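Q: Handing you this structure, nothing more for now.
2 protein chains.
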Amino acid sequence: MIVVKGGVTTAKGFLASGVKAGIKKSKKTDLGLLYSEIPAVAAGAFTINRFQASPVKISKAHLKNNAHHAIIVNSGNANCANGKRGDMDALLMADYIAKIMGLNRKDVLVASTGIIGKVLPIDKIKNRIPYLVSGLSEKGGSDFAEAILTTDTEKKEFAVKMKLGSSVVTIGGACKGVGMIYPNIKIENHATMLAFITTDAAISKKMLEGALNEAIDSSFNMISVDGDMSTNDCCFILANGIAGNKKIKSKDGNYQKFVRGLKFLTSELAKMLVIDGEGATKFVTIDVIGAEHQGDAKRIARKISTSNLLKCCIYGEDPNWGRIISACGASGVEFNPSKVDVYLGDIKVLSGGSCVKGYDKNKAKRLFKRKKIYIKVDLKSGRSKATAWTCDFSKEYVEINSEYST
Amino acid sequence: MIVVKGGVTTAKGFLASGVKAGIKKSKKTDLGLLYSEIPAVAAGAFTINRFQASPVKISKAHLKNNAHHAIIVNSGNANCANGKRGDMDALLMADYIAKIMGLNRKDVLVASTGIIGKVLPIDKIKNRIPYLVSGLSEKGGSDFAEAILTTDTEKKEFAVKMKLGSSVVTIGGACKGVGMIYPNIKIENHATMLAFITTDAAISKKMLEGALNEAIDSSFNMISVDGDMSTNDCCFILANGIAGNKKIKSKDGNYQKFVRGLKFLTSELAKMLVIDGEGATKFVTIDVIGAEHQGDAKRIARKISTSNLLKCCIYGEDPNWGRIISACGASGVEFNPSKVDVYLGDIKVLSGGSCVKGYDKNKAKRLFKRKKIYIKVDLKSGRSKATAWTCDFSKEYVEINSEYST
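Same order as they appear, the protein sequences are chains A and B. The letter at position 286 of the first sequence is residue 286 when you use my numbering, and the numbering goes up by one with no holes. Take any residue in the second sequence, count from 1 to its spot, add 406: that is its number in my numbering.
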């Protein structure tokens, strides 16, 4: 597998575009279209929030189809809590694309991100559809990646290539964050993280769903900016088969290889979301090892990643590791606290549940002055492990989120 | 029931004191003692954090006794993650009091609050024990309430009187917060909230435990400052029977009356913790009504109370209610989103899951400029309800917690 410069239009047969429809106050691009030239199999993972935005409902219904051609996305408005009108508007977004491109409405998937509880300006969207479609291009990946952004400060794109048999397969993707980020998406489940992945691999719908689930569980589902789960989170993958590899129909070697590539791609995209997290000044990696079950390791890593107190002291460059063990113990996981070791970088600060006397406090302070912080918790009870990524909690985060809607 | 000015020494037969032992850098009082002149029955509720501080372990063990005389408390150091040395130090705190006062060590309960992972300066404590004991007084409630504080800006005391039969029974209490506040304490369970309650009621240990559990479930366990659960949370109640009421031995009318009084007291103390929450500028009440089960109502109310995004927009006086429904849907509770109504004060903003067109946005903005904010969610699915209290999330919170240990 190699990393290549690119995004959603790097895999063969995918076109994309982005235009300004006037949905965002900022007047930046806010409407994007992703298109596969031939029918693609698709899988989607959605927020498990009980309040689901209209585009989530519509896309879930459309995904029952076997093949898809396009995904239309708007930013600046979540189209959530708009009742039947909202559902109708989400459906209209798909309809407009279907009509102009000669597709069935169910060939088109829909996503939205932005403020909740405001009526979607559907006429503005309708007016820009012709430009959106005529703008489709193999070079349009970046325009698409730009159009889906909200409070993000930069585009998030990534692509990899790998060999499956004698065929070269490409996977590319784009995503946006960067607040209300605590995804827990499943096939048929939940962020307002939006992620769009394209591949020219030939793969069955069932295997594509399996691969997406495996990939997001160790990537998007292991990041946190603020611990708030969105009504709009979704991650889509389209696979059009143009690469010509022997179609993946079972969990064979090629499937595993494809999953490794997809995992790497989604992890890199997920980390970009954290690095660009609202107000973030630090990037924090939390490894939990030595757990009895992987679920335990994940739960502890995620609980630590959402501790406001820990995130504040990371902002303040203060290695107050008591907040790590406090979060660890609050995870609800059963473990023996008198076995636990905790490391800040390579410094052991807790050994067998007890503070290490005379550890190098000045070195710990220096580690916390870096941009990248590494925390490790060893439960010493088994062989399972998990990694979570988070950012610090800054005054800028509070500023950004106290002024968003007005 | 009437409210009276007072605290832990308002009920008959209780004495208290507070001294400076030099544990806190601030050089404020940091060692407190609470004492019942005759043996009292006691109940305690503790953090469910897997990492439990040494005083929590010791107090849990001592509570197996049938009667108790004293509680010793230090602030400035949590005595947590100090291994066997920590356990020994917590035991020594009880021992010093027992020896000088002629008690058994198990008659004495212990609590600590402050930084995690620093060795307790037990010699400083030992040196001040004689002054702590000689300072015991019926007027010492406020000194005690002062000595237990950490980042609190003021003392938190409350007292009520009620008639049980022909006897006047008094319940008084003091507590401290005000960060790492997301208690979930149970008898044999978990905050660094510390709360100390005294009463002269005559009541059996079993009924006292039941009453405490009922009271904390609708008070301390329904507040949040930052969603971080401490290793040191505890709530103690001592009942010495001096009031001379007919001893409460079953869940009779007098028990119910006592519980109502205790609930009122713990609710008032809990609200004081929120009002004085770290960096708090607003006090938020969240009512969830119309739930099928009370557990559902509690879970939703608590989830809303811990939404960082909501708390940021309350700080910014921005009525961005989408964040209420997003948190509500992320609670994990099954409900029908298309039934839900949401109110800001008396303004209905969501009706049957859909945004109310043309609600008075200027009025909503005015409501959010007040010190006290009221939010109501009606699930319209049943008759159960719950109330949670929280504060806003301010830049000051981040400032306080980015600078705590250094």
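For glycine and all other residues, C-beta sits at the position ideal for the given N, C-alpha and C. Please read these numbers as outputs of a predicted model, since none were measured by experiment.
Can you check whether the C-beta of Trp-389 of chain A is within less than 8 Å of a C-beta belonging to chain B?
A: As a first step, residue 389 of chain A must be located in the first sequence, where it is residue number 389. No - not a single Cβ of chain B is within 8 Å of the one on Trp-389 of chain A.
Q: For Ala-500 of chain B, which of helix, strand or coil comes out of DSSP?
A: Mapped onto the second sequence, residue 500 of chain B falls at position 94. Ala-500 of chain B falls in the helix class under three-state DSSP.
Q: Assuming Ala-473 of chain B contacts Asp-501 of chain B (C-beta within less than 8 Å), just tell me the rounded distance between them.
A: Numbered from 1 along the second sequence, position 67 holds the residue referred to as residue 473 of chain B. Numbered from 1 along the second sequence, position 95 holds the residue referred to as residue 501 of chain B. With a Cβ gap of about 18 Å, Ala-473 of chain B and Asp-501 of chain B do not count as contacting.
Q: Grouping DSSP H, G and I as helix and E and B as strand, with all else coil, what is Asp-296 of chain A?
A: For this step, residue 296 of chain A is matched to residue 296 along the first sequence. Helix at Asp-296 of chain A.
Q: Under 8 Å, Cβ to Cβ, is there at least one residue of chain B near Ile-419 of chain A?
A: Because chain A is modelled from 1 through 406, residue 419 of chain A falls outside the range shown and cannot be assessed.
Q: By the three-class DSSP mapping on this structure, what secondary structure does Ile-779 of chain B have?
A: Within the second sequence, residue 779 of chain B is the residue found at index 373, counting from 1. Strand.
Q: So what does DSSP say about Val-539 of chain B, is it helix, strand or coil?
A: Looking up residue 539 of chain B in the second sequence gives position 133. It is helical.
Q: Run the CB neighbour count on Thr-519 of chain B, radius 10 Å, all protein chains shown included, and call it buried at 16 or more, exposed below.
A: The residue given as residue 519 of chain B occupies position 113 in the second sequence. That one is buried.
Q: What runs of the alpha helix (DSSP H), each 4 residues or longer, lie entirely inside the segment 123-167 of chain A?
A: 141-147
Q: I'd like to know whether the C-beta of Val-804 of chain B is nearer than 8 Å to at least one C-beta of chain A.
A: For this step, residue 804 of chain B is matched to residue 398 along the second sequence. Yes, because at least one Cβ of chain A sits closer than 8 Å to the Cβ of Val-804 of chain B.
Q: So with Cβ pairs under 8 Å, would you call Leu-194 of chain A a contact of chain B?
A: Numbered from its first residue, the first sequence carries residue 194 of chain A at position 194. With 8 Å as the cut-off, Leu-194 of chain A does not count as an interface residue toward chain B.
Q: Starting from Gly-77 of chain A and walking both ways along the beta strand (DSSP E), at which residues does that stretch end?
A: As a first step, residue 77 of chain A is located in the first sequence; it is residue number 77 there, counting from the start. Here residue 77 of chain A turns out to be Asn, not Gly, going by the sequence shown. Unbroken beta strand (DSSP E) run through Asn-77 of chain A: 68-77.
Q: So, are the CB atoms of Lys-12 of chain A and Ile-171 of chain A less than 8 Å apart?
A: The residue labelled residue 12 of chain A in the question sits at position 12 within the first sequence. The residue labelled residue 171 of chain A in the question sits at position 171 within the first sequence. Contact flag unset, no.
Q: Comparing alpha-carbon positions, which option in B:Ser-548, B:Ile-503 and B:Leu-773 lies nearest Val-690 of chain B?
A: Walking along the second sequence from the start, residue 690 of chain B turns up at place 284. With distances taken between Cα atoms, Val-690 of chain B lies closest to B:Leu-773.
Q: Would you mind sorting Glu-188 of chain A into buried or exposed? The rule is 16 or more other CB atoms within 10 Å of its CB.
A: Taking the first sequence and counting its residues from 1, one reaches residue 188 of chain A at position 188. Because the pLDDT at Glu-188 of chain A is just 41, under 50, the model does not fix this residue reliably, and the value given afterwards should be weighed accordingly. Glu-188 of chain A is exposed by the Cβ-count criterion.
Q: Check whether the Cβ atoms of Thr-672 of chain B and Phe-420 of chain B sit closer than 8 Å, and answer yes or no.
A: Position 266 of the second sequence holds residue 672 of chain B. Position 14 of the second sequence holds residue 420 of chain B. Taking 8 Å as the cut-off, the beta carbon of Thr-672 of chain B is found no closer than this to the beta carbon of Phe-420 of chain B.
Q: With a cut-off of 8 Å, do at least 3 Cβ pairs link the segment 78-95 of chain A to the segment 51-70 of chain A?
A: Under the 8 Å Cβ criterion, the segment 78-95 of chain A counts as touching the segment 51-70 of chain A, having at least three qualifying pairs.
Q: Compare the C-beta of Asn-401 of chain A with all C-beta atoms of chain B and state if any pair is closer than 8 Å.
A: Reading the first sequence from its first residue, position 401 is the one you call residue 401 of chain A. Chain B has a Cβ within less than 8 Å of the Cβ of Asn-401 of chain A.
Q: Among A:Ile-237, A:Asp-228 and A:Ser-224, which residue has its Cα nearest to the Cα of Glu-214 of chain A?
A: Here residue 214 of chain A is taken as the residue at index 214 of the first sequence, counted from 1. Comparing Cα-Cα distances from Glu-214 of chain A to each of A:Ile-237, A:Asp-228 and A:Ser-224, the minimum goes to A:Ile-237.
Q: Which term fits Ile-444 of chain B, buried or exposed, when burial requires 16 or more other beta carbons within 10 angstroms of its beta carbon?
A: Along the second sequence, one-based indexing puts residue 444 of chain B at 38. Ile-444 of chain B should be labelled exposed.
Q: Taking Gly-482 of chain B as the reference, which of B:Val-525, B:Leu-440, B:Gly-508 and B:Leu-509 has the closest Cα?
A: Numbered from its first residue, the second sequence carries residue 482 of chain B at position 76. When only C-alpha atoms are compared, the closest one is B:Val-525.
Q: Are Lys-582 of chain B and Leu-542 of chain B close, meaning C-beta to C-beta below 8 Å?
A: The sequence position of residue 582 of chain B within the second sequence is 176, counting from 1. The sequence position of residue 542 of chain B within the second sequence is 136, counting from 1. Going by C-beta atoms, Lys-582 of chain B is not nearer than 8 Å to Leu-542 of chain B.
Q: For a contact meaning CB atoms closer than 9 Å, what does Leu-679 of chain B contact in chain A?
A: Here the question's residue 679 of chain B lines up with position 273 in the second sequence. Here the premise fails: no neighbours, minimum Cβ distance about 16 Å.
Q: State the DSSP-derived secondary structure class of Gly-438 of chain B, mapped to helix, strand or coil.
A: Taking the second sequence and counting its residues from 1, one reaches residue 438 of chain B at position 32. In this structure, Gly-438 of chain B counts as strand in the three-state DSSP scheme.
Q: Is Leu-469 of chain B helix, strand or coil when you go by DSSP?
A: Locating residue 469 of chain B in the second sequence gives position 63, counting from the first residue. Three-state DSSP puts Leu-469 of chain B in coil, outside helix and strand.
Q: What alpha helix (DSSP H) runs, 4 residues minimum, are completely inside the segment 626-682 of chain B?
A: 659-681
Q: Quick one: is Ala-301 of chain A near chain B, going by C-beta distance under 8 Å?
A: Numbered from its first residue, the first sequence carries residue 301 of chain A at position 301. Closer than 8 Å to the CB of Ala-301 of chain A there is not a single CB belonging to chain B.
Q: Would you mind telling me which residues of chain B sit closer than 7 Å to Asn-49 of chain A, beta carbon to beta carbon, in chain order?
A: Walking along the first sequence from the start, residue 49 of chain A turns up at place 49. Near Asn-49 of chain A (Cβ distances below 7 Å), the residues of chain B are Ser-732, Gly-735 and Ala-736.
Q: Under the assumption that Ala-16 of chain A contacts Val-8 of chain A (Cβ atoms under 8 Å), give the Cβ distance between them as a whole number of angstroms.
A: Looking up residue 16 of chain A in the first sequence gives position 16. Looking up residue 8 of chain A in the first sequence gives position 8. Confirmed, about 5 Å.
Q: Quick one: which residues of the segment 509-523 of chain B get their C-beta closer than 9 Å to a C-beta of chain A? List them in chain order.
A: Ile-521, Ile-522 and Gly-523
Q: Report buried or exposed for Pro-319 of chain A, applying the criterion of at least 16 other Cβ atoms within 10 angstroms of its Cβ.
A: Looking up residue 319 of chain A in the first sequence gives position 319. By the 10 Å Cβ count, Pro-319 of chain A comes out buried.
Q: Measure the C-alpha to C-alpha separation of Ser-394 of chain A and Asn-401 of chain A and round it to an integer number of angstroms.
A: By one-based count along the first sequence, residue 394 of chain A stands at place 394. By one-based count along the first sequence, residue 401 of chain A stands at place 401. Their backbone Cα atoms lie some 11 Å apart in a straight line.
Q: Could you tell me if His-596 of chain B is buried or exposed, where buried requires 16 or more neighbouring beta carbons within 10 angstroms of its beta carbon?
A: As a first step, residue 596 of chain B is located in the second sequence; it is residue number 190 there, counting from the start. Reliability fails at His-596 of chain B, whose pLDDT of 32 lies under 50, so the model's placement of it is uncertain and the value that follows must be treated cautiously. Classification for His-596 of chain B: buried.
Q: Over what stretch of residues does the beta strand (DSSP E) that includes Cys-391 of chain A continue unbroken?
A: Locating residue 391 of chain A in the first sequence gives position 391, where the first residue counts as 1. Run containing Cys-391 of chain A: 384-391, per the beta strand (DSSP E) assignment.
Q: May I ask you to report which of helix, strand or coil DSSP gives Gly-696 of chain B?
A: Position 290 of the second sequence, counted from the start, is the residue given in the question as residue 696 of chain B. Gly-696 of chain B falls in the strand class under three-state DSSP.
Q: Does any C-beta atom of chain A lie closer than 8 Å to the C-beta of Asp-634 of chain B?
A: Numbered from 1 along the second sequence, position 228 holds the residue referred to as residue 634 of chain B. Closer than 8 Å: yes.
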